[in-house]
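**Student:** Take this structure first; my questions come after.
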Amino acid sequence: MNHAFLMMVHDEPELALRIVNRLIAPNHFIFMHIDRKISKEHFNFSLKGLTILPNDSRVRVSWGGFSQVEAEFQLMKSALTCGINMDYFHLISGHDYPIVSNNLLDDFF
Numbered sequence: 004m005n006h007a008f009l010m011m012v013h014d015e016p017e018l019a020l021r022i023v024n025r026l027i028a029p030n031h032f033i034f035m036h037i038d039r040k041i042s043k044e045h046f047n048f049s050l051k052g053l054t055i056l057p058n059d060s061r062v063r064v065s066w067g068g069f070s071q072v073e074a075e076f077q078l079m080k081s082a083l084t085c086g087i088n089m090d091y092f093h094l095i096s097g098h099d100y101p102i103v104s105n106n107l108l109d110d111f112f
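When the letters of the sequence shown are read in order and numbered with this note's numbering, they come out as residues 4 to 112.
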């Protein structure tokens, strides 16, 4: 089963990288939206299974605003058009650190 993790990030690139490294697996694919209000240069990660949305897909997100939904749509669009059939989609933030192992996550689904 393939899992798409749709990750919305607005700060703390080191934490975002820790989360990505924790989730990375052959059947886990991470799609990262970086808030347009911050520089993308600190998020220059290059990992297999990680897709960082390009600048033209980035949204200036306001907490609680419709811009959050727009960013989620961009993440979903990226995951649905990547050429890999995803079985599950998980929307997470750049502060949501997984508390279970990848094996337990896969077994649950």
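Don't be surprised by glycine CBs; every beta carbon is placed ideally from N, CA and C.
Since the model is a prediction, treat every value here as computed from it, not as a measurement.
Determine the DSSP secondary structure at residue 102, reduced to helix, strand or coil.
**Tutor:** Position 99 of the sequence shown, counted from the start, is the residue given in the question as residue 102. In the structure shown, residue 102 sits in coil (DSSP, three-state: anything other than H, G, I, E or B).
**Student:** For the beta strand (DSSP E) holding residue 7, just list the boundary residues, first then last.
**Tutor:** Within the sequence shown, the letter at position 4 stands for residue 7. It spans 6–12 - the beta strand (DSSP E) in which residue 7 sits, taken as one unbroken run.
**Student:** Among the residues of its own chain, which have a CB less than 7 angstroms from the CB of residue 20, if the five just before and after it don't count?
**Tutor:** Taking the sequence shown and counting its residues from 1, the one referred to as residue 20 is at position 17. Once the five neighbours on either side are set aside, the close Cβ partners of residue 20 are 48.
**Student:** Starting from residue 92, trace the beta strand (DSSP E) in both directions and tell me its first and last residue.
**Tutor:** Counting from one through the sequence shown, the residue named residue 92 turns up at place 89. Run containing residue 92: 91–96, per the beta strand (DSSP E) assignment.
**Student:** Determine which residues share a DSSP beta bridge with residue 54 and list them.
**Tutor:** Here residue 54 is taken as the residue at index 51 of the sequence shown, counted from 1. Partner(s): 34.
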